[in-house]
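Read through the structure below, which is laid out as C-alpha cells, and then see the notes.
There are 2 protein chains.
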Amino acid sequence: MPETLRRIVLASRPAAEPQPDNFRLEESAVPQPGAGEILLRTLWLSLDPYMRGRMSDAPSYAPSVQIDQVMEGRAISEVVASNVDGYAKGDLVFGNTGWQTHAVSTGRGLRKLERTSGVELPAQLGVLGMPGMTAYSGLLEIGRPKAGETVVVAAASGAVGQVVGQIARIKGARAVGIAGGADKCRFVTEELGFDACLDHRAPDLAGRLKEACPQGVDVYYENVGGKVFEAVFPLFNNFARIPVCGLIAQYNATSAPADAMPVPTLMRQVLSKRLNFRGFIVSDFAALEPDFRRDMTEWVRDGKVKHREYIVEGLENAPRGLIGLLRGENFGKTVVRVAADA
Amino acid sequence: MPETLRRIVLASRPAAEPQPDNFRLEESAVPQPGAGEILLRTLWLSLDPYMRGRMSDAPSYAPSVQIDQVMEGRAISEVVASNVDGYAKGDLVFGNTGWQTHAVSTGRGLRKLERTSGVELPAQLGVLGMPGMTAYSGLLEIGRPKAGETVVVAAASGAVGQVVGQIARIKGARAVGIAGGADKCRFVTEELGFDACLDHRAPDLAGRLKEACPQGVDVYYENVGGKVFEAVFPLFNNFARIPVCGLIAQYNATSAPADAMPVPTLMRQVLSKRLNFRGFIVSDFAALEPDFRRDMTEWVRDGKVKHREYIVEGLENAPRGLIGLLRGENFGKTVVRVAADA
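Protein chains in written order, with my numbering: chain A, 6 to 347; chain B, 6 to 347.
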C-alpha cells in the first residue's frame with residue numbers, strides 16, 4: 006500500500022472541450038480513518054459523460070464540482086482499514102468516492118460488492134452499474150419497446166448504448182445503432198447482435214438511417230443530440246417515445262450551432278405525430294434497482310447481454326480518458342484502473 | 006326550409022394566413038335522402054384551430070381537405086327527413102358534416118343529442134364537445150396536475166384554454182392564463198376564476214409570468230407555441246409536464262422565425278429538468294369519453310366550469326370567423342349560427 010494519496014482536482018472550468026490543464030494531480034499523505042470511518046483504496050474508477058456537466062457551473066440537476074475540489078466519480082474500492090461495524094479489511098465496496106487513490110468514508114452511500122459475483126469488476130461499473138441501470142430504466146420505463154418495433158440508439162458501442170440495444174432485442178424489437186467508425190459498428194452488429202449499425206462519420210447518415218429503418222422509428226434512446234438527432238427526427242412514427250438520457254454531442258458546446266433545428270419545427274412533429282420526449286436521470290428510477298439487478302445479472306450470466314470496457318491505465322490518465330470519452334474516441338464503457346493490482 | 010344548400014369549399018390553399026379568397030361559397034339544390042339516408046339541416050357549426058391544418062397539404066395526422074371540397078367541420082344539426090331507423094324528423098345530432106347548410110348522412114359517425122340537456126347547443130360544441138374533451142384528456146392524462154402545483158395555459162379565454170384552467174383549479178392546482186388583451190384577461194380571472202392571467206400583447210411577458218408563478222411551472226398546456234412558449238420555458242420546474250395540444254401561433258407560419266429557440270437549448274432543459282413533452286390529439290383518448298361526459302356535465306351544471314362562446318352569424322361569415330380565430334381576435338369558443346332560427 007503506497008503511503009501517498011493521489012487525487013485529481015478541478016483546476017479550472019473548461020470553456021468548451023475540457024483540456025488537460027483543467028485538471029490537476031495532487032498528492033498528500035494517506036489519511037488515517039477516525040472513529041466511525043473506513044479507509045478505502047480505489048481499484049476501478051468509472052468515467053462517464055455526466056462528469057462534463059459537473060465541471061461546468063451552469064445550473065443542472067446536480068451541484069457542480071468546485072474549483073480545487075476532487076473530481077466527482079463512482080468507483081469500486083477495497084476496504085484497507087475499518088472502524089465501522091459491517092465493514093472489514095478486504096471488503097469490496099462501490100461508492101461515489103471521486104477521482105482519487107484513497108478515500109475516507111463513514112460507510113454512508115457505500116454498497117458492498119460480492120467478490121464472487123462471477124462478473125469482472127469493471128462490468129460492475131458498466132453493464133451491472135449505473136450505465137446499465139440507465140439503459141434499463143430509460144428504455145423500459147419511457148421507451149417501452151414492443152415486439153416488432155424499431156429502437157434506434159446512438160453511441161451504440163458506449164456504456165449505455167450497448168445495453169439499450171441488447172435489451173431492445175430481448176424485448177423483441179429491432180435494434181439499430183449509430184456509432185463512430187467502422188470498428189465500433191462491426192462490434193455493435195457482430196458482437197452485440199444489433200440488427201444494424203451506422204457510422205455517423207460516413208456521409209448521408211440520414212439516408213442510410215432511413216434505409217436501415219424501413220418501418221420508421223418507434224423509440225429513439227437519446228444520448229447524443231445535435232446532428233444525430235436531426236437524422237433520426239424525420240423517421241419518427243406516430244406515438245414514438247424519446248427517452249432523453251444524455252446529449253454528449255452538446256456537452257462541450259458553448260452555444261447551439263447556427264444551423265440547428267428550431268424548436269417550432271420540432272414542436273410541429275411533437276403535435277402531429279404525438280411524440281413523447283421525456284428527460285430522466287437514473288436516480289429518478291431508483292425503485293427499479295432490484296428488477297434491474299435481477300434481470301441484468303441473469304442476462305449477463307446467460308450471455309444475452311454482452312459488454313465491453315475501455316480500460317484507462319492509471320489515475321493520472323483519467324483526464325485524458327474523459328476527454329477521449331467526450332470526443333467519442335473510447336471504445337466501450339470507460340473505466341480507469343486506479344490500483345495497479347486491480 | 007330553404008330549397009338551396011349552401012356550402013363553403015376550399016378554393017385554394019393559403020400560403021400563410023388564410024385569406025377570404027381561399028374559400029368559396031357555392032349553392033346547389035337541397036338533395037333528397039335516398040334509402041338508408043338522413044337529410045340534416047345544420048344549426049351550429051364549430052370553428053376550431055385544427056382547420057388550418059386541413060387547409061394545408063403538409064403531412065399531418067389527418068388528411069387534408071381537397072381543393073373544391075367542402076371544408077371539414079363538426080356541427081349540430083336537426084334531422085329534416087329520415088330513411089334510417091332510430092332517426093326521426095326533429096332529432097338533434099352531432100357529426101362531422103362540414104361547412105354547409107345541409108348534409109346527407111347514413112347515420113354513421115353521428116351522435117344524438119338530447120334536446121333537454123339543459124345546456125344551450127353551442128356549449129355542446131365547446132365545453133361539452135371536442136374542445137372540452139381536449140382540455141380534459143390532455144390535462145388529466147398528460148399534465149396530471151397535483152394540488153398546489155402551478156398550471157399555465159395559453160389562449161386562456163379560448164375554447165380549450167378556458168376549460169383547462171378551470172379543471173386545474175378543480176384539481177387543487179393554481180391556474181395561470183395567458184390571453185390577448187385586457188378584456189380577455191379580466192374574463193379569465195373574474196369569470197373563470199383563474200388565479201392570474203397575463204396579456205401576451207403587453208411588454209415583458211416573461212418577467213410578468215415569472216412574478217405570477219413564484220413556485221415555477223409544473224404543467225404547461227401548450228396550444229400556442231412560439232414566443233409564448235419561450236416565455237414559459239425558463240420557469241419549468243423539475244418533472245414539468247407539457248401536453249402539446251396545439252400551436253396556433255405557428256399554424257400560419259411558412260418557416261420558423263430566425264430568432265426561434267434552437268432545439269439543443271430545449272433538449273438541455275428536457276434532460277436536466279426531466280421535462281416531459283407529449284403531443285396528442287383528442288381521439289387518442291377516446292376511452293376517456295364517458296368519464297369526460299360524466300364529469301363535465303356535472304361541473305357545468307354545478308357552475309364549477311363556466312364557458313363563453315363567440316358567435317359568428319351565418320355560414321357566409323365562417324371564413325372570417327376562422328381567420329379571426331387564428332388571429333386571436335375571437336373571444337371564447339367560436340361557433341357559427343348556420344340556421345337563422347338556431
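C-beta: ideal position from N, C-alpha, C; glycine also.
Against chain B, a Cβ distance below 7 Å from A:Phe-285 picks out Arg-279. When A:Arg-174, A:Pro-38, A:Val-168, A:Val-233 are compared, the shortest CA-CA separation from A:Ala-128 is found for A:Val-168. Contact of A:Ser-65 with chain B is assigned, a C-beta pair being separated by under 8 Å. B:Asp-296 and B:Leu-133 have their C-alpha atoms spaced approximately 12 Å apart. For B:Gly-251, same chain residues with a beta-carbon under 6 Å away, outside a window of 5 residues either side, are Pro-54, Asn-228 in chain order.
Collapsing the DSSP output to three states places A:Gly-100 in a strand. For B:Leu-210, not one C-beta of chain A is nearer than 8 Å to its own C-beta.
Sixteen is the threshold: when 16 or more other Cβ atoms of the shown chains lie within 10 Å of the Cβ of B:Arg-342, as they do, the residue is buried. In the DSSP secondary-structure assignment, B:Tyr-225 is bridged to B:Val-157. With a contact defined as Cβ atoms closer than 8 Å, A:Arg-120 and A:Gly-100 miss out at about 16 Å.
Just so you know, the alpha carbons of B:Ile-81 and B:Ala-93 end up roughly 15 Å apart. The beta carbon of B:Pro-136 does not come within 8 Å of any beta carbon belonging to chain A, so the residue lies off that interface.
Annotated as proximal: A:Gly-143 and A:Tyr-226, with beta-carbon spacing under 8 Å.
Interface residue (Cβ-Cβ distance to chain B less than 8 Å): A:Arg-273 is classified as such.
With its beta carbon less than 8 Å from one in chain A, B:Val-268 belongs to the interface. B:Glu-77 counts as buried, since no fewer than 16 other beta carbons sit within 10 angstroms of its beta carbon. With respect to chain A, the C-beta atom of B:Ala-265 has a partner C-beta closer than 8 Å. In the displayed model, B:Leu-271 falls within a helix according to three-state DSSP. Looking at the DSSP output, A:Lys-117 bridges to A:Val-98. Of the residues B:Phe-28, B:Val-158, B:Pro-208, the one whose Cα lies closest to the Cα of B:Thr-194 is B:Val-158. Distance from the CA atom of B:Gly-326 to the CA atom of B:Thr-339, rounded to whole angstroms, is 7 Å. At a cut-off of 8 Å between C-beta atoms, A:Val-70 does not count as an interface residue with respect to chain B. Within the segment 227-241 of chain B, the residues whose Cβ lies closer than 7 Å to any Cβ of chain A are, in chain order, Gly-230, Gly-231. Cβ atoms of B:Leu-210 and B:Ala-236 come within 8 Å of each other, at about 5 Å. For B:Glu-216, no beta strand (DSSP E) encloses it; the enclosing alpha helix (DSSP H) starts and ends at 210-217. The Cβ-Cβ distance between B:Arg-57 and B:Leu-30 does not fall below 8 Å. For B:Ile-172, the enclosing alpha helix (DSSP H) has its first and last residue at 166-175. At a beta-carbon threshold of 8 Å, the residues of chain B lying near A:Ala-261 are Pro-267, Val-268, Pro-269, Thr-270, ordered along the chain. In the DSSP assignment, A:Glu-314 falls within the unbroken beta strand (DSSP E) covering 314-318. Contact annotation: B:Ser-110 and B:Ile-13 have beta-carbon atoms that are not nearer than 8 Å.
Just so you know, the alpha carbons of A:Leu-45 and A:Gln-105 end up roughly 10 Å apart. Look at B:Gly-143 here: in three-state DSSP terms it is helix. Under DSSP, B:Ser-51 shares a beta bridge with B:Val-340.
According to DSSP, B:Ala-187 shares a beta bridge with no other residue.
In the DSSP secondary-structure assignment, B:Asn-281 is bridged to A:Arg-283, B:Arg-246. Taken atom to atom, the span from the alpha-carbon of A:Ala-345 to that of A:Val-35 is near 17 Å.
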